[in-house]
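Asker:
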Amino acid sequence: MNKRLPRALFALVSTAALAAACTPAPKETKIADPGTEVAGTVELWHFFTEREAAAIDQVVKDFEADHPKIKVTIKAGQDDSKVTQAIGAGNGPDVGLSYSTDIVGKFCSSGAWIDLKQYLDRDKVDLNQLNATTRSYTEYQGKRCAMPFLADAYGMFYNKDLFAKAGLSGPPKTLDELTAYAKKLTVKNADGSLKTVGFLPLYDFYENAASHLAPAVGAKWLTDDGKSAVGADPAWKTLMTWQKDLVDWYGYENLTKFRASLGDEYSADNAFQKGQVAINIDAEYRLAFVKDQTPDLKYGVAPIPTSDPARYGGGYVTGNIVGISKNAKNPEAAWELIKYLTTNDKAIIKLSGLLKNIPTTTASIADPGLNADADFKTFIDIFNNPNSSTTPPSASGPAYQETFGQFLNSYQAGKVKNLDAGLADADKQINSVMTLGG
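If you count by mature numbering (1 follows the signal peptide of the UniProt record, and there is no 0), then the sequence shown holds residues -19 to -1, 1 to 419, one letter each, in order.
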């Protein structure tokens, strides 16, 4: 089973783990002079397993062939919690590869990952070769402690066989159309229980995180001064009202019972791949899972439906990030590995093809081979769309999303009777946890 952490889970990294890693930074690392030959061993920790881990192995071997005096030791299956705990204990890896852009603010502000500016300046790395969104989520308040290791763009997968059976041809483009399609595609058992769900709207199902759906309505997370915007931005109310209406149509208890019967998101028993859910929010990496686990599935991909047709085509953009731990034993070799993985177009194109993740440099994202795959190109187009957005960095890491996620779970369960009052209270809770977390 693949060990990617579902991004719809709001507890991306435990507060305790972050606190352990985010102790004051040590004295700034002294970098070598330009042209100095780098040698030695570098330790890389990443979260991938099985097929995806094998892809990392391939490209690291290419790096070692290009850098014969550097040996890379890889430790796979290490989630953010393990990495941050190790850094806090003083024995973290040289290089950490994370699945969460939301920890960048915490890592940059605390020094858990070192500032890369000195290396970038020395080696004259042109950051303009990176997509603007990926540049934004790999730095915090002018400090760049991470580089983008491929990216993810979120869209919609739909089952073509189930669509044809329901008399539907193309994908829905608006939230109202998504509601209509979801109802038409839903099939119930004789006892009234759910057999096939057109669209499972629960926020805590697979990739249905608020962050992934926010671009559908253009919702804003934070104000310009870094405070919660969920209460003041009417777009959140639009999204929540739409979602709750669909939850109520199904019946919250019916949905939770149905969800409990579904397989793990990253296994071959994925509900979309099994035909139990007809429309599903997911990222481009699902393409590789389908090819590997359910090659006969007939499906299509499209951008996530929006409240405003003018916004259609965009989506949520995030990705993996890589940085040097503050207690790295060989920071120079660590930087050479990071530079290779994030700026070498040949390496990026190979990784993108193997992992089915979006490349992040100007040259790699235009690669004809990657764009020849029509489904993958749909996600490249989402990634490049000006309506796409990501979650803003914060010194408290993902705390504001986790807190809002708890509120959303209560709301969809019918525990919040007054939405306006609930959102106002959510603002207070979010601001409080951000103050403590920062």
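Just so you know, even glycine gets a beta-carbon here, dropped at the ideal spot from N, CA and C.
Alpha carbon to alpha carbon, how far is Ser248 from Ile361?
Answerer: Going by the C-alpha atoms only, they are around 25 Å apart.
Asker: Pick out whichever of Leu278, Ala259 and Leu183 has its Cα sitting closest to the Cα of Thr237.
Answerer: Leu183
Asker: Once you ignore the five residues that flank Val373 on each side, which residues in its own chain have a CB closer than 7 Å to its CB?
Answerer: Note that residue 373 corresponds to Pro in the displayed sequence, not to Val. Within the same chain, Pro373 has close Cβ partners Trp202 and Leu203.
Asker: Can you give me the start and stop residues for the beta strand (DSSP E) that Gly300 sits inside?
Answerer: Val298 to Ile305
Asker: How many whole angstroms separate the CB atoms of Val76 and Val41, which I take to be in contact at a CB cut-off of 8 Å?
Answerer: Going by Cβ atoms, the distance from Val76 to Val41 rounds to 10 Å, so no, they are not a contact pair.
Asker: In terms of residues, what are the limits of the alpha helix (DSSP H) holding Ile84?
Answerer: No alpha helix (DSSP H) holds Ile84; DSSP gives it neither H nor E.
Asker: Need the endpoints of the alpha helix (DSSP H) that Gly350 sits in, please.
Answerer: Pro349 to Asn352
Asker: Please work out which residues of its chain come closer than 7 Å, Cβ to Cβ, to Pro152, disregarding the five sequence neighbours upstream and downstream, and give them in chain order.
Answerer: Met137, Tyr139, Gly281 and Ala283
Asker: So if DSSP puts Ala132 in a beta bridge, which residue, or which two residues, is it bridged to?
Answerer: Gly300 and Ile339
Asker: Kindly list the residues whose CB is nearer than 8 Å to the CB of Ile329, restricted to its own chain and excluding five residues on each side of it in sequence; keep chain order.
Answerer: Close CB contacts of Ile329 within its chain, under the 8 Å cut and outside five residues either way in sequence, are with Leu131, Leu322, Thr323, Pro340, Thr341, Thr342 and Ser345 (chain order).
Asker: Considering Cα atoms alone, identify which of Gly92, Trp94 and Arg125 is closest to Leu108.
Answerer: Arg125
Asker: Would you say Ser370 and Pro129 are within 7 Å of each other, going by their C-beta atoms?
Answerer: no
Asker: What would DSSP say about Ser91, mapped onto helix, strand or coil?
Answerer: helix
Asker: Kindly list the residues whose CB is nearer than 7 Å to the CB of Ala57, restricted to its own chain and excluding five residues on each side of it in sequence; keep chain order.
Answerer: His27, Phe29, Thr30 and Ala34
Asker: Suppose contacts are defined by Cβ-Cβ distances below 7 Å. Is Ile68 in contact with Ser377 by that definition?
Answerer: no
Asker: Taking Asn338 and Gly294 to be in contact with their CB atoms under 8 Å, please state how far apart those CB atoms are, rounded to whole angstroms.
Answerer: At roughly 20 Å, the Cβ-Cβ gap does not stay under 8 Å, so Asn338 and Gly294 are not in contact.
Asker: I'd like to know whether the C-beta atoms of Gly16 and Tyr135 end up nearer to each other than 7 Å.
Answerer: no
Asker: Identify the continuous alpha helix (DSSP H) that holds Asp226 and give its terminal residues.
Answerer: Pro215 to Tyr231
Asker: Would you report the Cα separation of Ala309 and Asp83, rounded to the nearest angstrom?
Answerer: 22 Å
Asker: For Gln122, is the classification buried or exposed, using 16 other Cβ atoms within 10 angstroms of its Cβ as the cut-off for buried?
Answerer: exposed
Asker: Given Asp326, which residues of its chain have a CB within under 7 Å of its CB, disregarding the five upstream and five downstream residues?
Answerer: Thr342, Ala344 and Ser345
Asker: Looking at C-alpha atoms only, which residue of Lys50, His48, Asp133 and Glu45 is the closest neighbour of Ile302?
Answerer: Asp133
Asker: Straight-line CA distance for Tyr311 to Leu25?
Answerer: The sequence shown places Asn at residue 311, rather than the Tyr named in the question. Computed Cα separation, rounded: 11 Å.
Asker: Looking at the strands, I want to know which residues DSSP matches up with Met137.
Answerer: Its beta-bridge partners are Ile262 and Ala283.
Asker: What is the rounded straight-line gap between the Cα of Asp229 and the Cα of Asn112?
Answerer: Approximately 40 Å, taken between the alpha carbons.
Asker: Which same chain residues end up closer than 6 Å to Ala405 when comparing Cβ atoms and leaving out the 5 residues on each side of it in sequence?
Answerer: Closer than 6 Å at the Cβ level, and outside the excluded window around Ala405, lie Gly212.
Asker: Counting only the same chain and skipping the five closest in sequence on each side, list residues whose C-beta sits under 6 Å from that of Asn399.
Answerer: If the five residues before and after Asn399 are omitted, its C-beta is found closer than 6 Å to no C-beta atom of its own chain.
Asker: Thinking C-alpha only, which one of Arg292, Phe253 and Val258 is nearest Pro276?
Answerer: Phe253
Asker: Excluding the 5 residues preceding and the 5 following Asp47 in the sequence, name in chain order all residues of the same chain whose CB lies nearer than 8 Å to its CB.
Answerer: Tyr321
Asker: So what does Leu77 bridge to, in DSSP terms?
Answerer: This sequence places Gly at residue 77; Leu is not what is there. Looking at the DSSP output, Gly77 shares a beta bridge with Trp26 and Gly304.
Asker: Going along the chain, which unbroken runs of the beta strand (DSSP E) with 3 or more residues stay wholly within the segment 102 to 177?
Answerer: Within the segment 102 to 177, the complete beta strand (DSSP E) runs of at least 3 residues are 128 to 140.
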